[in-house]
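Going by numbering that gives the first Met the number 0, 134 is the number at position 135 of the sequence shown; the sequence numbering is gapless. Following: one structure in structure tokens, then a few remarks.
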Amino acid sequence: MDIFIEASLGNNSCSTNSYISPSKKNEIVEEIGDMHIGTSADTPLRPDAFDKSDDQKISEIEGHFRKIMEVMGLDLNDDSLSGTPHRVAKMYIQEIFSGLSPANKPDIKLFDNKYKYNEMLVEKGITFYSNCEHHFVPIIGKAHVAYISSGKVIGLSKLNRIVQYYAKRPQVQERLTVQIAEELKRVLQTDDVAVLIDAQHLCVSSRGVQDINSSTVTSYYGGKFKNEFTRQEFIKYVEL
Ligand SMILES: [Zn+2]
Numbered sequence: 000m001d002i003f004i005e006a007s008l009g010n011n012s013c014s015t016n017s018y019i020s021p022s023k024k025n026e027i028v029e030e031i032g033d034m035h036i037g038t039s040a041d042t043p044l045r046p047d048a049f050d051k052s053d054d055q056k057i058s059e060i061e062g063h064f065r066k067i068m069e070v071m072g073l074d075l076n077d078d079s080l081s082g083t084p085h086r087v088a089k090m091y092i093q094e095i096f097s098g099l100s101p102a103n104k105p106d107i108k109l110f111d112n113k114y115k116y117n118e119m120l121v122e123k124g125i126t127f128y129s130n131c132e133h134h135f136v137p138i139i140g141k142a143h144v145a146y147i148s149s150g151k152v153i154g155l156s157k158l159n160r161i162v163q164y165y166a167k168r169p170q171v172q173e174r175l176t177v178q179i180a181e182e183l184k185r186v187l188q189t190d191d192v193a194v195l196i197d198a199q200h201l202c203v204s205s206r207g208v209q210d211i212n213s214s215t216v217t218s219y220y221g222g223k224f225k226n227e228f229t230r231q232e233f234i235k236y237v238e239l
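Laid out in structure tokens, this is it:
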């Protein structure tokens, strides 16, 4: 059978259609997964992503997941397994991938900066659980975020909620970093934001090269954080 795939990688937005043999296609699929190459800063979503209700999605995923388990030879009549397709479907939509739905985006209210606190505010060590979009296994990490007030301040728990919202999507770490930074800039009405993420990818530790000691660090520095002195101050606080 002839297989055509649409190749669109990196920042190059042009795409090409060309003939690729099944074995070559498999090689490309593995390579994208192993290198954890993301294709854009926005989560790739279909235009009809939110046409179905959450209940409809749960019911469909339940059916598909049951099929996957059956193909693997599992006996769904077993009491321990019979509820798994429904549990997985509910967990996908309501918990670990709930950040795909704009309806779950945290509603942020800003307050006036009454104390005239114009220094850096750092919220560090925000633990998050995400999932690698190439293998659908966990990414576990810590996010450290900072901003310098432009006259408005945000409730501290909201910084945490913004991190959790974008983490609860199929992700690549670079995109997660940029999405958090862009949202902080938007809600805080300033470019002066920083995001530093240190995370372990279970697709690297539990499978593939099985390296249990490595972690991946990504960062975003906007506005005043591009200044070396400001950036060092932020890193110093994170290391405290
Ligand atoms: Zn992966």
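All C-beta atoms in this analysis are idealised placements derived from N, C-alpha and C, irrespective of residue type, glycine included. Remember, predicted model here, so these are calculated numbers, not experimental data.
- As computed with DSSP, N130 is found in a beta bridge with P137 and P169.
- When rounded, the separation of the alpha-carbon atoms in L80 and E69 is 11 Å.
- For H200, DSSP records a beta bridge to I138.
- Contact between T126 and E173 is ruled out by a C-beta separation of about 19 Å, above the 8 Å threshold.
- Residue state for V208 is assigned as coil, using DSSP reduced to three classes.
- The secondary-structure analysis by DSSP pairs E122 across a beta bridge with V144.
- Residue list for ligand 1: C131, H133, H134 and C202 (CB closer than 5 Å to any heavy atom, chain order).
- Between the C-alpha atoms of V28 and C202 there is a straight-line separation of about 15 Å.
- Runs of the alpha helix (DSSP H) spanning 4 or more residues and lying entirely within the stretch 8-89 occur at 21-34 and 53-70, in chain order.
- In this structure, N130 keeps its C-beta atom at 8 Å or more from the C-beta atom of P84.
- Less than 8 Å divides the Cβ of A40 from the Cβ of V177.
- The C-beta distance from I153 to L99 rounds to 23 Å, too long to meet the 8 Å contact threshold.
- Counting the other Cβ atoms within 10 Å of the Cβ of Q209 gives fewer than 16, which makes it exposed.
- By a beta-carbon distance limit of 8 Å, K151 contacts Q188. Their separation comes to about 6 Å.
- Taking the Cα of H143 as reference, the smallest distance to any Cα among L120, H133 and E94 is reached at L120.
- Contact check for E181 against L158 fails: the beta carbons are separated by 8 Å or more.
- By the criterion of a C-beta distance shorter than 7 Å, E232 is surrounded in its chain by M119, once the five residues flanking it on both sides are discounted.
- Judged by DSSP in its simplified three-state form, I153 adopts strand.
- Nearest Cα to A145 within the set T42, R45 and K223: K223.
- In the three-state reduction of the DSSP assignment, L239 falls in the coil class, being assigned neither a helical nor a strand state.
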